[in-house]
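**Student:** Just so we're aligned, residue 54 is where the sequence shown starts under our numbering, counting upward by one. Every residue gets a Cβ at the ideal spot worked out from N, C-alpha and C, and that includes glycine. Owing to the predicted nature of the structure, the values given are computational and were not obtained by experimental measurement. Below: one structure in structure tokens.
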Amino acid sequence: MQPLKYALKTSQTLRQSPSSSVIWQILRTYRTSNHLNTKVNPELEKHQDDGVQGDFSSRLAAGPTFQHFLRSASTPQEKSDSSAAVEDPPPYLTTEALVGRGRKVYLETYGCQMNVNDAEIAWSILQKNGYLRTNSLHEADVILLVTCSIREKAEQAIWNRLKRLKSVKARRLKSQVPLRIGILGCMAERLKEEILQREKLVDIIAGPDAYRDLPRLLTLADSGQRSANVLLSLEETYADIMPVQTSPNATSAFVSIMRGCDNMCSYCIVPFTRGRERSRPIASILEEVKKLSEQVLQLIQERNNICKQIHLPAQSGSSRVLEIMRRGYTREAYLDLIYHIRESIPGVSLSSDFIAGFCGETEEDHLQTLSLLQEVRYNVGFLFAYSMRQKTRAYHRLQDDVPEEVKQRRLAELITAFRQGAAEANMAVVGHKQLVLVEGPSKRSTTELYGRNDGNIKVIFPDIEMEDVTSPRGLIRAQPGDYVLVKITSSNSQSLKGVALCRTSLQEYSSHC
54 MQPLKYALKT SQTLRQSPSS SVIWQILRTY RTSNHLNTKV NPELEKHQDD
104 GVQGDFSSRL AAGPTFQHFL RSASTPQEKS DSSAAVEDPP PYLTTEALVG
154 RGRKVYLETY GCQMNVNDAE IAWSILQKNG YLRTNSLHEA DVILLVTCSI
204 REKAEQAIWN RLKRLKSVKA RRLKSQVPLR IGILGCMAER LKEEILQREK
254 LVDIIAGPDA YRDLPRLLTL ADSGQRSANV LLSLEETYAD IMPVQTSPNA
304 TSAFVSIMRG CDNMCSYCIV PFTRGRERSR PIASILEEVK KLSEQVLQLI
354 QERNNICKQI HLPAQSGSSR VLEIMRRGYT REAYLDLIYH IRESIPGVSL
404 SSDFIAGFCG ETEEDHLQTL SLLQEVRYNV GFLFAYSMRQ KTRAYHRLQD
454 DVPEEVKQRR LAELITAFRQ GAAEANMAVV GHKQLVLVEG PSKRSTTELY
504 GRNDGNIKVI FPDIEMEDVT SPRGLIRAQP GDYVLVKITS SNSQSLKGVA
554 LCRTSLQEYS SHC
């Protein structure tokens, strides 16, 4: 019991020392633990009359063990609501204080694709907190630089940029909202102290794992405090935050699946600026990809300058064959996607690829592919008999066991089914007007032109003089690149035929749709 006596004697001293708060809290936890009602050690019971020492000793023996305090230190598990506590406002700041109140944020991104993704995460957080986005540096209320530390040149670019921003801040009118400047990302993590000391105009610093804290940091900056949060995390993946694209002209999007790095290459700073390697939950990755796909479908549906045509290669209608092909989806999943696309984009044109006679394909597998063609009714199809290619997985591990004559017979049946479906799909537009982008003279007739409609279907029409609704210059003949309004009069499985009504423009046509 000597160690217990010593702990008791020093407890009052610990309460007075600067480092004692945690230790004293542990002592208090011993006293208030729900384990106090359990039976104490008999050897200690006889000391209950010894005053404080006996009372403390008995409670300590009956209290939680060391493992009790380590339960929360186990390997982090995937939790859908792991960020809820992080996003609660600090007790000294109200929710209203963290609102951006319409202030405009200007973002500049330097470095790798991960920084592009980080900028989109940071903007998503700020947008939800009432900030607005601007692409003009001079109308911004908040300027955030997402930085890189992979090379010295990358950091030097930031130092030079900060020098130029001094003049922007100096010209800020006193009647305007004060301009706040922040450094985010890897350079913030690596050079936090130097940035604060060297560049007095920097108001906030946030490391790669601290973007959730941006509203609080900016609120503190409003009160005149320069603040930083560069704590690295073993858990933060921003899995629950949907990135918002920061480039309005972007034609691609990055989906981050992990953060940090454990490789510790001798030349690389990344493990020290982005922390230990941790992966996002698979469900959150799939959800982000799904939402990006939804955005693409919505864009196709909304914009008249985007063709409403999607290529979805099926290859087979049999789930068993798809598994052998290693396609990664089933027949049922493929059909669900087809139905969703057609619901999202009315009148969408679909094209696909099919292989007849792949390794191990049975007659039942072939019939399932036929039924898929009949159910979907594609507008365009690319169908071929299987031919073994060297160096492929099939060449090394599978057997090309479907006889050539069987392949050709199955291919012919697939082609027949496709043409029937395409003919029915094309027949549905007969009698309707179609906007056609002219490509040139028809290959079969010098008196006809051909082009393609919104669904990438070939449209053939006579090369005649027609009215130009975009210009009062009289009758004209259509040229390659012109838009022509065509009334469809007939169709087959491959193309549409019609008569030209007038030359028009995409904008003019869209205004009357």
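Suppose the cutoff is 8 angstroms on Cβ atoms and the five residues either side in sequence are ignored; what does the same chain contact list for D453 look like?
**Tutor:** C412, Y439, M441, A447, listed in sequence order.
**Student:** According to DSSP, is A292 part of a helix, a strand, or is it coil?
**Tutor:** Here A292 sits in coil by DSSP.
**Student:** CB Q362 to CB S397, shorter than 8 angstroms?
**Tutor:** For Q362 and S397, no; Cβs fall outside 8 angstroms.
**Student:** Distance, Cα to Cα, E561 vs L426?
**Tutor:** Rounded to the nearest angstrom, the two C-alpha atoms are 37 angstroms apart.
**Student:** If we ignore side chains and look at the alpha-carbon of each, how far apart do E417 and Y163 end up?
**Tutor:** So the alpha carbons of these two residues sit roughly 55 angstroms apart.
**Student:** Output needed for K99: all residues of its chain with C-beta closer than 7 angstroms, excluding positions within five of it in sequence on either side, in chain order.
**Tutor:** Any reading at K99 is ruled out, since the residue's pLDDT is 43, under 50, leaving its predicted position unreliable.
**Student:** Going straight from the alpha carbon of L271 to that of S280, what length do you get?
**Tutor:** In a straight line, the C-alpha of L271 is about 8 angstroms away from that of S280.
**Student:** At what residues does the beta strand (DSSP E) containing A367 begin and finish?
**Tutor:** That residue, A367, is in no beta strand (DSSP E); it is neither H nor E in DSSP.
**Student:** Between the beta-carbon of G328 and the beta-carbon of L285, is there less than 8 angstroms?
**Tutor:** In contact: G328 and L285 (Cβ atoms closer than 8 angstroms).
**Student:** Pull up the distance between the alpha-carbon of L549 and that of I513, whole angstroms please.
**Tutor:** About 6 angstroms.
**Student:** Please state whether DSSP places R556 in a helix, a strand or coil.
**Tutor:** The answer is strand: DSSP assigns R556 an E or B state.
**Student:** Give the straight-line distance between the Cα atoms of K444 and R379, rounded to the nearest whole angstrom.
**Tutor:** Taking the straight line from one Cα to the other gives about 16 angstroms.
**Student:** Mapping the DSSP letters down to three states, classify T445 as helix, strand or coil.
**Tutor:** Coil, per DSSP.
**Student:** Beta-carbon within less than 8 angstroms of D315's beta-carbon, same chain only, minus the 5 sequence neighbours each way: which residues are those?
**Tutor:** Within the same chain, D315 has close Cβ partners P324, R329, E330.
**Student:** With a cut-off of 8 angstroms, do at least 3 Cβ pairs link the stretch 368-383 to the stretch 342-351?
**Tutor:** No, the stretch 368-383 is not in contact with the stretch 342-351.
**Student:** Alpha carbon to alpha carbon, how far is L336 from P296?
**Tutor:** For the sequence presented, residue 336 should be read as Ala rather than Leu. A336 and P296: Cα-Cα distance of roughly 15 angstroms.
**Student:** Starting from the C-beta of R373, find all residues in its chain whose C-beta is less than 7 angstroms away, skip the five residues before and the five after it, and write them out in chain order.
**Tutor:** D418.
**Student:** How would you label L534, buried or exposed, when you count the other beta carbons within 10 angstroms and need 16 or more for buried?
**Tutor:** The question names Leu, yet the displayed sequence has Gly at residue 534. Per the 10 Å Cβ criterion, exposed.
**Student:** Between the beta-carbon of N432 and the beta-carbon of L403, is there less than 8 angstroms?
**Tutor:** Result yes, Cβ atoms of N432 and L403 sit closer than 8 angstroms.
**Student:** What are the start and end residues of the alpha helix (DSSP H) that includes L423?
**Tutor:** That run of the alpha helix (DSSP H) goes 416-429.
**Student:** Report buried or exposed for Y392, applying the criterion of at least 16 other Cβ atoms within 10 angstroms of its Cβ.
**Tutor:** The residue is exposed, with fewer than 16 neighbouring Cβ atoms inside 10 Å.
**Student:** So which of T415, D275, T422, A409 has the shortest CA-CA distance to V230?
**Tutor:** Closest option to V230, Cα to Cα, is D275.
**Student:** Taking a contact to mean a Cβ-Cβ separation below 8 angstroms, would you say R214 touches L198 in this structure?
**Tutor:** Taking 8 angstroms as the Cβ cut-off, R214 and L198 qualify as a contacting pair.
**Student:** Excluding five sequence neighbours on each side, which residues of the same chain lie with their C-beta closer than 8 angstroms to the C-beta of M317?
**Tutor:** Cβ within range, chain order: P324.
**Student:** Taking R225 as the reference, give the member of D194, G508, E242 with the closest Cα.
**Tutor:** Nearest of D194, G508, E242 to R225, Cα basis: D194.
**Student:** Sort L375, S309, I394 by Cα distance to Q348 and report the nearest one.
**Tutor:** Checking every option, the nearest Cα to that of Q348 belongs to I394.
**Student:** Run through DSSP, which three-state label would V221 get?
**Tutor:** If DSSP states are grouped into helix, strand and coil, V221 belongs with the helices.
**Student:** Starting from G474, trace the alpha helix (DSSP H) both ways and give me its first and last residue.
**Tutor:** Segment 457-480, the alpha helix (DSSP H) holding G474.
**Student:** Thinking I248 and R233 are a contact (beta carbons under 8 angstroms), I'd like their distance in whole angstroms, please.
**Tutor:** 14 angstroms between Cβ atoms; not a contact.
**Student:** Might you give, ordered along the chain, the residues of its own chain that have their beta carbon closer than 7 angstroms to the beta carbon of L273, omitting 5 neighbours on each side?
**Tutor:** S280.
**Student:** Comparing C-alpha positions only, which one of V455, L528, V169 sits nearest to E414?
**Tutor:** Out of V455, L528, V169, V455 has the C-alpha closest to the C-alpha of E414.
**Student:** What are the residues that DSSP puts in a beta bridge with I513?
**Tutor:** Paired residue(s): Y503, K550.
**Student:** Return the Cβ separation of I408 and S369 in integer angstroms, given the expectation that the two are a contact with Cβ distance under 8 angstroms.
**Tutor:** Yes, they are in contact, since the Cβ atoms of I408 and S369 sit about 7 angstroms apart, within 8 angstroms.
**Student:** Suppose you measure from the CA of D516 to the CA of R556; what does that come to, to the nearest Å?
**Tutor:** Between D516 and R556, the C-alpha separation is close to 12 angstroms.
**Student:** Going by DSSP in three states, S177 sits in which element: helix, strand or coil?
**Tutor:** Three-state DSSP puts S177 in a helix.
**Student:** Please go through the stretch 250-286 and give each complete alpha helix (DSSP H) segment of 4 or more residues, from N-terminal end onward.
**Tutor:** The qualifying runs are 267-275.
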